[in-house]
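First residue of the sequence shown: 728, per our numbering; consecutive thereafter.
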Amino acid sequence: MSKRKWIVSLLFLVICFTGMQFIRPEIKNPPVTGDIAAPAEVKNILKRSCYDCHSNETNLKWFDKIAPAYWLVAGHVKKGRQALNFSTWDSLAPADQKGNLYLSLNQILFKEMPRSDYSLLHPTAKITENDITTLKNYVTSLTPVKISDTSRFTAVEKQYNAWITRAASSPDVKPVLNGIGYINDYAAWKAISTTDRFDNNTLRVIFGNDIAVRAIEQQHTNPWPNGTVFAKVAWEQLIDADGQVHTGEFKQVEFMIKDAQKYKSTAGWGWARWKGLDLKPYGKTVLFATECVNCHKPLKDNDFVFTTPLSLKEDYLKWNVITTQVDKKNKTMSTLYGNDIAFRYARNPKGTTYPVHAELAMVTWNQKADEHWFGANIPSQIKSVELVKFEPDPVYQGNGDATVRTAAIVQQRMSVTP
728 MSKRKWIVSL
738 LFLVICFTGM
748 QFIRPEIKNP
758 PVTGDIAAPA
768 EVKNILKRSC
778 YDCHSNETNL
788 KWFDKIAPAY
798 WLVAGHVKKG
808 RQALNFSTWD
818 SLAPADQKGN
828 LYLSLNQILF
838 KEMPRSDYSL
848 LHPTAKITEN
858 DITTLKNYVT
868 SLTPVKISDT
878 SRFTAVEKQY
888 NAWITRAASS
898 PDVKPVLNGI
908 GYINDYAAWK
918 AISTTDRFDN
928 NTLRVIFGND
938 IAVRAIEQQH
948 TNPWPNGTVF
958 AKVAWEQLID
968 ADGQVHTGEF
978 KQVEFMIKDA
988 QKYKSTAGWG
998 WARWKGLDLK
1008 PYGKTVLFAT
1018 ECVNCHKPLK
1028 DNDFVFTTPL
1038 SLKEDYLKWN
1048 VITTQVDKKN
1058 KTMSTLYGND
1068 IAFRYARNPK
1078 GTTYPVHAEL
1088 AMVTWNQKAD
1098 EHWFGANIPS
1108 QIKSVELVKF
1118 EPDPVYQGNG
1128 DATVRTAAIV
1138 QQRMSVTP
């Protein structure tokens, strides 16, 4: 290329670059209406690593203001504020504030935030191990163990009675906006894991259909096969004076349905959620599934699934779940399983006790932290297994006092699973 052509080309690039500087999406800093109130050491981390995109106090460096980089910055700020804005923190309900803090911390642990391209140009925004410890201590302090008040026990009783009264009938449930319909027999599926979500005060059981169970047995879970369906049920934690956590009010059930082609646009999964005993479909627009995908995105290398399934090697682990509970003091979690006869009775109790040939298994695990979510505990090693068989009188097998433990197990009732 001749010298003249080089000069013309260079001049053209300079003109284009200069012209780009006049295309500037506006980045406003509206007034701070309700900043987060946090300890100084926590606030310093948030300001240093989060505020440029997640507050109304965006502070651009000189190189952030040069197009085309500026266009990316403007987009990040807009999306960041829409997702979470610390400058309007007081507009969030307390539960949403805690939820956002746990979500933010987990995004940091997954190295999703701060964005790697942002940290590269803003090295002071990088999160250190000391920062993570500080943030963990802070968010954990926001969720202390509290004994549930009488009103919560009353609410649970009311909901249970309403549910058990209509248990024989199938409610008319509307599909969610993406067209997925309600699956009303999920409670008869096998439980593939349980979770103590202390971050949002819920207990959860994750059920899997036959395809999911077979995939676990065959160790074919990444990716999960087409046809896999999970039902993730959440109840409010009901904590008694002894630190025992029982399933309280039913909060929601959400489904993940695997079909790599049909749901290609949402990471190969169909997403659906119903809330409350009246099973109200979740989502204001069909795009609600994007919210689900974004939450599960850090687990993209695990087929977008948070759950670590149990081995399901023992027969009683393939029975149906009646209820689940947690012992906060001893850091254990237990699930009560029943064979088909016991499950049918628990779901529609008639008479004073379980019928002949009913069998119950109370399985207790030590807890461990969920490596996929800070704010949750999941089962570790099995600590004990207690069996009660009705022949027709109950016969106890286990290491506890037969009379005491039989009574404690038999009196457990079915968790609300509409």
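The beta-carbon is built from N, C-alpha and C at its ideal position, and this holds for glycine as well.
Ala1088 is positioned such that its CB atom lies no closer than 9 angstroms to that of Glu1118.
In this structure, Phe925 places its C-beta atom within 9 angstroms of the C-beta atom of Val872. In this structure, DSSP gives Gly935 an extended state, which the three-state scheme calls strand. Check the Cα spacing between Leu965 and each of Glu976, Phe957, Gly1010: the tightest is with Glu976. Bridge pairing for Leu1114: Ala1088, Gln1124 [DSSP]. Closest in C-alpha terms to Ile854, from the list Ala1129, Arg842, Asn864, comes Arg842. Here Lys770 has Ile763 as same chain residues with Cβ atoms under 8 angstroms from its own Cβ, once five neighbours each way along the sequence are excluded. The beta carbon of Tyr887 is closer than 8 angstroms to those of Arg1140, Val1143 in its chain, skipping five residues each way along the sequence.
Bounds of any alpha helix (DSSP H) do not take in Val956; it lies within the beta strand (DSSP E) bounded by 956-966.
Excluding the 5 residues flanking it on each side, Trp890 has same chain C-beta neighbours closer than 7 angstroms at Leu1004, Val1143, Pro1145, in chain order. Membership of Lys985 in the beta strand (DSSP E) is indicated by the continuous run 971-985. Contact check between the stretch 906-919 and the stretch 1030-1049: three or more CB pairs, one atom from each, fall below 8 angstroms, which counts as touching. Inter-segment contact for the stretch 923-941 and the stretch 1006-1026 is absent: fewer than three beta-carbon pairs are separated by less than 8 angstroms. If you draw a straight line from the Cα of Asp1067 to the Cα of His1084, it is about 10 angstroms long.
Note that the C-beta distance between Thr948 and Ile1105 is not below 9 angstroms. Taken through DSSP and simplified to helix, strand or coil, Thr929 comes out as strand. In the DSSP assignment, Leu1063 falls within the beta strand (DSSP E) that extends over 1059-1065. Only buried fits Ala958, as 16 or more other CB atoms lie within 10 angstroms of its CB. By the criterion of at least three beta-carbon pairs nearer than 8 angstroms, the stretch 906-913 is in contact with the stretch 971-988. In the structure shown, Gln1139 adopts coil according to DSSP, grouped into three states. According to the DSSP secondary-structure assignment, Ile1109 is paired through a beta bridge with Trp1092.
The DSSP-derived three-state label of Val1048 is strand. Under the three-state reduction of DSSP, Ile919 is assigned to strand. Between the stretch 926-935 and the stretch 995-1012 there are fewer than three C-beta pairs closer than 8 angstroms, too few to call the two in contact. The beta carbon of Thr993 sits closer than 6 angstroms to those of Ala1016, Val1020, all from its chain and outside the five residues before and after it, given in chain order. Secondary structure of Thr948 (DSSP, three-state): coil. Annotated three-state conformation of Gly997 is strand, per DSSP. Restricting attention to His1099, Trp1100, Ser1107, Glu1086, the CA atom closest to the CA of Trp1092 is found in Ser1107. Looking only at Pro952, Lys1077, Gln1052, the smallest Cα-Cα distance to Asp1030 is reached by Pro952.
Closest in alpha carbon position to Thr974, among Asp844, Gly954, Ser1061, Gln946, is Ser1061. Under the criterion of beta carbons closer than 8 angstroms, Asn783 and Pro758 qualify as touching, at roughly 7 angstroms. Ala1016: member of the alpha helix (DSSP H) spanning 1015-1023, first to last residue. Between the C-alpha atoms of Arg1000 and Val903 there is a straight-line separation of about 7 angstroms.
Residue state for Thr815 is assigned as strand, using DSSP reduced to three classes.
For the 9 angstroms CB-CB criterion, Leu836 and Phe1070 do not form a contact. When DSSP states are grouped into helix, strand and coil, Arg924 belongs to the strand group.
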